[in-house]
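Worksheet: the structure to be examined is printed underneath.
In the numbering used here, the protein residues as written are 0 to 76.
Structure (structure tokens):
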């Protein structure tokens with residue numbers, strides 16, 4: 000069984016017997032969604048980039064009844 004370190008909680012996470020590049024797994028300790036980014040050595044990365052948010056999928060209805068993505072109301076960085 001192969002192990003790799005979770006980039007979030009730094010605990011050793013099991014990858015199974017034959018991990019495949021790009022396979023998605025969930026950390027047993029912090030439940031972060033991860034993917035296999037390297038096989039030799041076995042390394043894990045976040046399934047979603049830390050700056051990726053599901054905010055764009057959420058819609059916010061303003062006082063005028065206008066439905067726009069919530070991200071429309073976020074300030075520019």
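Note that CB positions come from ideal geometry on N, CA and C, so glycine has one too.
For residue i, which beta-bridge partners are listed by DSSP?
i, result
"residue 41", "38"
"residue 11", "4"
"residue 25", "32"
Would you grab the beta carbon distance between residue i and residue j for me? Rounded to a whole angstrom, and I think it's under 8 Å.
i, j, result
"residue 26", "residue 20", "Actually they do not touch by this definition, with Cβ atoms about 18 Å apart."
"residue 12", "residue 5", "5 Å"
Excluding five sequence neighbours on each side, which residues of the same chain lie with their C-beta closer than 7 Å to the C-beta of residue i?
i, result
"residue 38", "18 and 20"
"residue 44", "6, 33, 34 and 36"
"residue 42", "3 and 36"
"residue 0", "13, 15 and 16"
Output needed for residue i: all residues of its chain with C-beta closer than 8 Å, excluding positions within five of it in sequence on either side, in chain order.
i, result
"residue 8", "26, 28, 29 and 31"
"residue 10", "4, 26, 27, 28 and 29"
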